[in-house]
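A.B. asks:
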Amino acid sequence: MAALMATIRERKDHPREGSYTCKLLAAGQSEILKKVGEEATEVVVAGALESDERLLYESADLIYHMLVMLASRDLSWDDVEAELRRRFK
Numbered sequence: 084m085a086a087l088m089a090t091i092r093e094r095k096d097h098p099r100e101g102s103y104t105c106k107l108l109a110a111g112q113s114e115i116l117k118k119v120g121e122e123a124t125e126v127v128v129a130g131a132l133e134s135d136e137r138l139l140y141e142s143a144d145l146i147y148h149m150l151v152m153l154a155s156r157d158l159s160w161d162d163v164e165a166e167l168r169r170r171f172k
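Counting from 84, one number per residue, gives the positions in the sequence shown under my numbering.
#1: Taking only the alpha-carbon atoms, compute the straight-line gap between residue 84 and residue 107 and give it to the nearest angstrom.
#2: Under 8 Å, do residue 145 and residue 123 count as touching if we go by C-beta distance?
#3: In the structure shown, what three-state DSSP assignment does residue 120 receive?
#4: Under 8 Å: do the stretch 148 to 168 and the stretch 90 to 109 share three or more Cβ pairs, one atom per stretch?
#5: Distance, Cα to Cα, residue 90 vs residue 104?
#6: Can you list, in chain order, the residues of its chain with a C-beta nearer than 7 Å to that of residue 142? Leave out the 5 residues immediately preceding and following it.
#7: Assign residue 148 to one of three DSSP states: helix, strand, or coil.
#8: Buried or exposed: residue 131, going by 16 or more other Cβ atoms within 10 Å of its Cβ?
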C-alpha cells in the first residue's frame, strides 16, 4: 500500500504525460469522486453476484481510486491507518 501511495504522490508532484493517475488528478476532485463512486458500485455488484476473482479485481480498482482521492486532498493511507488504530484500540 505504501509503495502505491508513493507512486501516486510522485505522479501528483511530478506529472508524467500519458499517466492515468496524472490525468485523474488533473481532472479534479469531481472526476475523482465520480470514479470512486463507480468503483464502489462495481465492488458491491461483484460482492453480490460475481466470482471471488472479480471481487478482488474490483476491490483493487476501488482502493487505487480511494488512494488517488486521498492524495488529491494531501492525505495518505497512513492517515487512514491512524484513524483505524484510533477507533480500534
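Every residue gets a Cβ at the ideal spot worked out from N, C-alpha and C, and that includes glycine.
Since this is a predicted model, take the numbers as computed values, not measurements.
C.D. replies: Result, derived from the coordinates:
#1: For the purposes of this step, residue 84 is taken as the residue at position 1 of the sequence shown. For the purposes of this step, residue 107 is taken as the residue at position 24 of the sequence shown. Taking the straight line joining both Cα atoms gives about 19 Å.
#2: Position 62 of the sequence shown, counting from 1, holds the residue named residue 145. Position 40 of the sequence shown, counting from 1, holds the residue named residue 123. Yes.
#3: If you number the sequence shown from 1, residue 120 lands on position 37. It is helical.
#4: When C-beta atoms of the stretch 148 to 168 are compared with those of the stretch 90 to 109, three or more pairs fall below 8 Å, so the two segments count as touching.
#5: In the sequence shown, the residue the question calls residue 90 occupies position 7. In the sequence shown, the residue the question calls residue 104 occupies position 21. When the Cα atoms are used, residue 90 and residue 104 turn out to be separated by approximately 9 Å.
#6: Position 59 of the sequence shown, counting from 1, holds the residue named residue 142. Excluding sequence neighbours, residue 142 sits near 126.
#7: Within the sequence shown, the letter at position 65 stands for residue 148. Three-state DSSP puts residue 148 in a helix.
#8: Within the sequence shown, the letter at position 48 stands for residue 131. Exposed, because fewer than 16 other Cβ atoms sit within 10 Å of the Cβ of residue 131.
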